[in-house]
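Just so you know, the sequences run in chain order A and B.
Last residue of the first sequence: 211 (this note's numbering), numbering continuous.
Last residue of the second sequence: 1211 (this note's numbering), numbering continuous.
Where a beta carbon is used, it is the ideal one built from N, C-alpha and C, also for glycine.
Since the structure comes first, as structure tokens, the remarks are kept for the end.
There are 2 protein chains.
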Amino acid sequence: MIHGHDDALADGGSIEQNWSESQRDIMEATYRVMLTEGYPDLSVSKIADELGKTKASIYYHYDSKRELLISFLDFVVDQFHLNIGEVANKDPEPALKAVIEKLIPTEIDKERFQGQVVLTELRSQASQNEAYRERFTEINELLVRTICDIIERGIDTGVFRDVRAVHIAEHIVATTNGARTDRVTTDREAAPAAVRASLLSYVDSELKQSK
Amino acid sequence: MIHGHDDALADGGSIEQNWSESQRDIMEATYRVMLTEGYPDLSVSKIADELGKTKASIYYHYDSKRELLISFLDFVVDQFHLNIGEVANKDPEPALKAVIEKLIPTEIDKERFQGQVVLTELRSQASQNEAYRERFTEINELLVRTICDIIERGIDTGVFRDVRAVHIAEHIVATTNGARTDRVTTDREAAPAAVRASLLSYVDSELKQSK
Chain A
1 MIHGHDDALA
11 DGGSIEQNWS
21 ESQRDIMEAT
31 YRVMLTEGYP
41 DLSVSKIADE
51 LGKTKASIYY
61 HYDSKRELLI
71 SFLDFVVDQF
81 HLNIGEVANK
91 DPEPALKAVI
101 EKLIPTEIDK
111 ERFQGQVVLT
121 ELRSQASQNE
131 AYRERFTEIN
141 ELLVRTICDI
151 IERGIDTGVF
161 RDVRAVHIAE
171 HIVATTNGAR
181 TDRVTTDREA
191 APAAVRASLL
201 SYVDSELKQS
211 K
Chain B
1001 MIHGHDDALA
1011 DGGSIEQNWS
1021 ESQRDIMEAT
1031 YRVMLTEGYP
1041 DLSVSKIADE
1051 LGKTKASIYY
1061 HYDSKRELLI
1071 SFLDFVVDQF
1081 HLNIGEVANK
1091 DPEPALKAVI
1101 EKLIPTEIDK
1111 ERFQGQVVLT
1121 ELRSQASQNE
1131 AYRERFTEIN
1141 ELLVRTICDI
1151 IERGIDTGVF
1161 RDVRAVHIAE
1171 HIVATTNGAR
1181 TDRVTTDREA
1191 APAAVRASLL
1201 SYVDSELKQS
1211 K
């Protein structure tokens, strides 16, 4: 799910948390190591090697691997924010469809597939790890709020029917989360496209005000 | 998600794979150890202790912990089959709603919560482990096929509109999978009930033939 992060970071400013350049470098390196090594084999040494720096230079910013990983999840939250923010400001109907399309891409390259593997692993840790759970709670909150806002904007402007926005937003977030996890944990390659098609047609039939 | 398995196993017969009594005992013990210890700390010794038997008696059935875990996932697939089969034979509309209600229970006790934690951990391994991925593929296939059959039955009998059954089945499975994973990986306690309500009302508005 972390994609287009170079562009996203390039425009700076809008990002929630302020990341210093070294912190960003560490986060980017952490992500690259996760992509190649996977989450279980991640170590501060490998991140340092990837950065071409010493372990001490990482421990200067983060007291422990644990702290670094929590910070990495904050970074992931910010990426979600940026990625979704990019499209959420369109008119309600195209905005909602664009968010769904972003959350369930029909095809993904190897890097994004691997990114999703990493996120699925991190998410599974969230059931045991409170700090992780807080971040995944934040990601879901953010997505539900963004989608809810779009739907409410649609209702206010008469494009959408007067539906229960929060229920539908929760529905859409659960569906897109399920589709993304299923993509990397099953061999059912045609499934994400079918889910996406059904969700987009749901927007048309359930939300759009009939003319 | 493994629930009501005692009842389910009691009626026997309908289960896909034939499990000998000792194999069932080992699977049940594996599940109990996973519930208390979590997946990462699972060991054959602990399963043997839980059973009150020797490790050798487990290795008599399974060559390795790896093989035992794959068999455990086959057992999970069978549980899904039994749990869903129980309700899928009703009339199309109540059957579809009962499947959704079973897949997104509004409240779950500690044991079922912990069972979902274990399944989420096992599922996250599926991206790296082909044998696991096959089992989760099978679970999703089974759910999609069951829901698709119900929808097609509804179309044939004129209860449901002539919709694209497979797209809607994929949509429902992704949504329920997402809701179940979100339940154990976030602190958003009200979310599953909202998703379930939205999905049930989707069945009414999208599928039901207007009278």
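- Contacts between H1167/B and chain A, judged by CB atoms closer than 7 Å, involve A194, A197 and S198 in chain order.
- Under a 10 Å Cβ-count criterion, P1094/B is classified as exposed, with fewer than 16 other Cβ atoms of the shown protein chains found around its own Cβ.
- Listed along the chain, the chain B residues whose CB falls inside 8 Å of the CB of S205/A are S1205 and E1206.
- For A174/A, the nearest CB of chain B lies under 8 Å from its own CB, placing it at the interface with that chain.
- Look at T1185/B: its C-beta is under 8 Å from a C-beta on chain A.
- When secondary structure is reduced to three states using DSSP, K208/A falls in the strand class.
- Distance between G1052/B and D78/A, taken at the CA atoms: about 50 Å.
- Any Cβ of chain B closer than 8 Å to the Cβ of F160/A would place that residue at the interface, and such an atom is absent.
- Scanning E1067/B, L1103/B, E1111/B and T1186/B for the CA closest to the CA of A1169/B turns up L1103/B.
- F1160/B is bridged by DSSP to K1208/B.
- In the structure shown, E189/A falls within a coil segment according to DSSP collapsed to helix, strand and coil.
- Remark: C-beta atoms of R196/A and E101/A approach each other more closely than 8 Å.
- Contact annotation for F1136/B against chain A: T185 and T186 [CB-CB distance below 7 Å, chain order].
- With its beta carbon less than 8 Å from one in chain A, Q1128/B belongs to the interface.
- Every unbroken stretch of the alpha helix (DSSP H) spanning 4 or more residues and falling wholly within the stretch 86-174 of chain A is given here in chain order: 92-103, 110-125 and 130-156.
- Around I1139/B, the same chain offers V1077 and F1080 as residues with beta carbons nearer than 6 Å, after the five sequence neighbours per side are excluded.
- For T1120/B, the nearest CB of chain A lies under 8 Å from its own CB, placing it at the interface with that chain.
- For a Cβ distance threshold of 8 Å, residue set H171, Y202 and E206 of chain A lies close to Y1202/B, ordered along the chain.
- The alpha-carbon separation between T36/A and L200/A amounts to approximately 34 Å.
- Among the residues of chain A, none has a CB under 9 Å from the CB of S1210/B; the nearest is roughly 13 Å distant.
- With distances taken between CA atoms, L1068/B lies nearest to Y1031/B out of V1087/B, Y1031/B and E1086/B.
- The C-beta distance from L1207/B to R1161/B rounds to 6 Å, short enough to meet the 8 Å contact threshold.
- With contacts defined by Cβ atoms closer than 8 Å, N129/A and D1182/B do not form a contacting pair.
- I58/A places its beta carbon less than 8 Å from that of I26/A.
- Taking a contact as a CB-CB distance under 8 Å, the pair T1146/B and V1203/B does not count as one, their CB atoms being some 15 Å apart.
- In the three-state reduction of the DSSP assignment, N1018/B falls in the coil class, being assigned neither a helical nor a strand state.
- Taking each of E189/A, L142/A, T157/A and A190/A in turn and checking the Cα distance to N83/A, the smallest one comes out for L142/A.
- Between V1117/B and chain A, the shortest Cβ-Cβ separation is below 8 Å.
- Taking the C-beta atoms as reference points, S45/A is found nearer than 8 Å to K55/A.
- Taking the Cα positions, Y1062/B is about 21 Å away from R1123/B.
- Less than 8 Å separates the beta-carbon of T1185/B from that of R133/A.
- Using beta-carbon distances, N1089/B does not count as an interface residue toward chain A, since no partner is under 8 Å.
- Burial state of A174/A is buried, judged by a 10 Å Cβ sphere holding 16 or more other Cβ atoms.
- Shown here for D49/A: not one same chain residue has a beta carbon closer than 6 Å to its own, the five before and five after excluded.
- Leaving aside the five residues that flank P92/A on each side, the residues in its chain whose CB is nearer than 8 Å to its CB run, in chain order, I150, I151, R153, G154, T157, V159 and F160.
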